[in-house]
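Numbering (UniProt numbering), first residue to last: 1 to 427.
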């Protein structure tokens, strides 16, 4: 059964830890209401919800959804580390594909702490213990930095040793993503940096400097999914974006057996997910015009170019030098600014990627709009591990019509929301 995204919404991603930051139910409700507004539906049309978050107690998903409506629908709480949002999206898509529901909400949010990610439960086995132990054992790069940049920085070191990639290539990726984010009103950071500023920012691990690392963030994002029958019955053809292919992979024996630092960072997991999607859909990577991929660190974006088949193995440096990863090149990677600049609230990231690609396919991305876009690809990984790859295309390619009250700009959406608040009858 064909599955479509008919509405998306998100909050602006913001720096965590501030006293005036909204709590997760408020952020989740805002993202959900924006997705419902975008779809033209009401919450009563939604028949199930998959809700993703990493940091939170038991039924945070219910508490978040209840802020929008309490209709007794099934609500599934999802946690797959940094791929949590995409895993919630994958789960909703699977339920619709199986014919169990005709309209579903995929929602992701995170309210985080300042600073690098830490391990929360020291009294039990950590889910990423093997990754941490092997990266320390196999790496020639030693530092006392946080575990996440060590894993991804070491993957970059391995790529340099195998293929002659230079530190400048990683810095060029961060330069690109920071530049893209200046056009995205949802981004946590919208500052433009020179390549020299990125290279000379504090070193973190391996080729990585501070401006090549994603921040922690607060935020939420949501998508409304439906079946083809539901989409046609509600006359949503002009805004429907089809999920053409979707795959979720986890680690296998190759993650550890080959003693590859790139595999520890998710390279093989990403390659297998992409291959499954390409095989299922018959779409060649060369047909893809936009990619939102998991650039938690610039090193991961670089190795993922090759894992997704955007360039040949060992050719990522050449791909970057030609400018084939940005506007005017072969494919625009992370037009939103990516995790590095847009931000990375773990549970929301995958759904924010979905929102960006749907806006791009519908011609709603304003100053960052990619021209003549047919296919868009999403890539989201979580160490420990899971990888989600999703391929999208617009259902009605000939019609880019958008309702007068639709917008991908948060400032306009806030005005619409304020107007609706005034129109609601007082109790």
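For glycine and all other residues, C-beta sits at the position ideal for the given N, C-alpha and C. In this text the structure is predicted, and so the values were computed from the model without any measurement.
Between residue 412 and residue 391, the alpha-carbon positions lie close to 29 Å from each other. Uninterrupted beta strand (DSSP E) stretches at least 3 residues long and entirely within the segment 264 to 324 occur at 288 to 292, given in chain order. Boundaries of the alpha helix (DSSP H) around residue 37: 24 to 39. With a beta-carbon spacing of about 13 Å, residue 52 and residue 32 fall beyond the 8 Å limit used to define contacts. In the same chain as residue 389, and ignoring 5 residues on each side of it, the C-beta atoms closer than 6 Å to its own belong to 247, 273, 274, 277 and 379, in chain order. Annotation for residue 119: no beta strand (DSSP E) segment contains it, and DSSP assigns it neither H nor E.
Counting only residues of its own chain and dropping the five nearest sequence neighbours on each side, residue 250 has a CB closer than 8 Å to the CB of 269, 385, 386 and 387. The segment 250 to 262 and the segment 150 to 162 touch, with no fewer than 3 CB-CB distances between them shorter than 8 Å. The beta carbon of residue 313 sits closer than 6 Å to those of 306, all from its chain and outside the five residues before and after it, given in chain order. Of the residues 158, 110, 127 and 101, the one whose Cα lies closest to the Cα of residue 267 is 158.
For residue 220, the closest alpha carbon among the candidates 1, 26 and 3 is that of 26. Partner residues in the beta bridge of residue 218, as assigned by DSSP, are 14. By the beta-carbon neighbour count (other beta carbons within 10 angstroms, threshold 16), residue 107 is buried. Counting along the chain, residue 384 sits inside no beta strand (DSSP E), nor does DSSP assign it H or E at all. Burial is judged here by how many other beta carbons sit within 10 angstroms of a residue's own beta carbon; residue 161 has fewer than 16 and is exposed. The shortest CA-to-CA distance from residue 286 to any of 175, 330 and 258 is the one to 330. Taking residue 182 as the centre and dropping the five residues before and after it, the same chain places the C-beta of 190 and 192 closer than 7 Å to its C-beta, in chain order.
Per DSSP, reduced to three states, the secondary structure at residue 349 is helical. Around residue 63, the same chain offers 25 as residues with beta carbons nearer than 6 Å, after the five sequence neighbours per side are excluded. According to DSSP, residue pairing for residue 209 in a beta bridge involves 203. Beta-bridge annotation (DSSP): residue 82 is paired with 80. In the assembly as shown, residue 317 is a buried residue. Its beta-carbon has 16 or more other beta-carbons within 10 Å.
Here residue 93 carries a helix assignment [DSSP, helix/strand/coil].
In the structure shown, residue 189 falls within a coil segment according to DSSP collapsed to helix, strand and coil.
Across the structure, residue 226 and residue 133 are spaced so that their CA atoms are roughly 43 Å apart. Distance check between residue 357 and each of 216, 139, 342 and 241 places 241 closest, using alpha-carbon atoms only.
In the displayed model, residue 249 falls within a strand according to three-state DSSP. Of 105, 172 and 279, the smallest CA-CA separation from residue 302 is found for 172. For residue 109, the uninterrupted beta strand (DSSP E) run begins and ends at 103 to 110, by DSSP. DSSP, read as helix, strand or coil, puts residue 48 in strand.
Judged by DSSP in its simplified three-state form, residue 61 adopts helix. Taking a contact as a CB-CB distance under 8 Å, the pair residue 130 and residue 16 does not count as one, their CB atoms being some 28 Å apart.
Comparing alpha-carbon positions, the option among 208, 196 and 188 lying closest to residue 145 turns out to be 208. Look at residue 161 here: in three-state DSSP terms it is helix. In this structure, residue 96 and residue 88 do not form a Cβ contact; the two beta carbons are roughly 13 Å apart against a cut-off of 8 Å. Excluding the 5 residues flanking it on each side, residue 195 has same chain C-beta neighbours closer than 7 Å at 171, 172 and 175, in chain order.
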